[in-house]
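Position 117 of the sequence shown, counting from 1, maps to 117 under UniProt numbering, and the rest follow consecutively.
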Amino acid sequence: MKSSESEQFIHELYEQYSEQLYRYALLRTGNKEEAKDIIQDTYYKAYRGLQSFNGLAQYKTWLYSITRNTINDYLRKKQRSDLLRFRVGTGDTPDYLLPDELLSLKEDTKVLYLALSRLKKNHQEVIILRKIKEFSTKETSEILGCSEAKVKSSLLRGLQALKLEISKEGLGYEFKESEQAF
1 MKSSESEQFI HELYEQYSEQ LYRYALLRTG NKEEAKDIIQ DTYYKAYRGL QSFNGLAQYK
61 TWLYSITRNT INDYLRKKQR SDLLRFRVGT GDTPDYLLPD ELLSLKEDTK VLYLALSRLK
121 KNHQEVIILR KIKEFSTKET SEILGCSEAK VKSSLLRGLQ ALKLEISKEG LGYEFKESEQ
181 AF
């Protein structure tokens, strides 16, 4: 592909997937500016790696993999241990979720986010990808670079841990029938 064709193709991928990738990055970081920077880095890396794309995955899962790795690199550099920090700002920090933004979330959504933020990294990732982003088991395994069996077992353990976290904190969220049978 020529440079101008590559740029056009990356632009098309940006138009198609950037909002989804941004929401994923925001879920993982809890920070709007960091999420924007991560998406910018993702598309830069995608542009640079486009020639080496082997076609074994879909472009969407390839971009999610790049985004995931970019997030992990970014968080590692900042030495963060908690990947889902939904910090409440004081009003002086507009890049974090502010109290009114947090309050605007539905109560059950807040409960889930708070409980999810307390889980181990691998449980958070698989729950976000499978249940929030609605990727298939196969797509999730491609993004995470692990087997489908690992995705299934991590999802089961993650959902059990999430349920325990919700009940332990007395958060009052009731799992729906459909959520219990994941």
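Where a beta carbon is used, it is the ideal one built from N, C-alpha and C, also for glycine.
Just the Cα atoms here: how many angstroms apart are residue i and residue j?
| i | j | result |
| --- | --- | --- |
| L13 | S141 | 21 Å |
| R23 | I71 | 12 Å |
| K2 | L26 | 33 Å |
| H123 | T61 | 19 Å |
| S154 | L50 | 31 Å |
| G145 | R118 | 23 Å |
| N69 | R76 | 10 Å |
| L112 | A35 | 20 Å |
Buried or exposed: which applies to residue i, given that a residue is buried once 16 or more other Cβ atoms fall within 10 Å of its Cβ?
| i | result |
| --- | --- |
| F53 | exposed |
| L156 | exposed |
| R130 | buried |
| L164 | exposed |
| Y44 | exposed |
For residue i, which three-state DSSP category applies?
| i | result |
| --- | --- |
| N31 | strand |
| K77 | helix |
| N69 | helix |
| A57 | coil |
| E19 | helix |
| F9 | helix |
| S136 | coil |
| S147 | coil |
| R48 | helix |
| S3 | helix |
| L119 | coil |
Assuming the contact rule is C-beta atoms closer than 8 Å, residue i and residue j should be a hit. Round their C-beta distance to whole Å, please.
| i | j | result |
| --- | --- | --- |
| I38 | Y74 | 6 Å |
| I10 | A46 | 6 Å |
| T67 | T42 | 5 Å |
Would residue i and residue j qualify as a contact pair, given that the criterion is a beta-carbon distance under 8 Å?
| i | j | result |
| --- | --- | --- |
| K138 | E148 | yes |
| Y143 | F135 | Here residue 143 is Ile; the residue named in the question, Tyr, does not match the sequence. The answer is yes: Cβ separation under 8 Å. |
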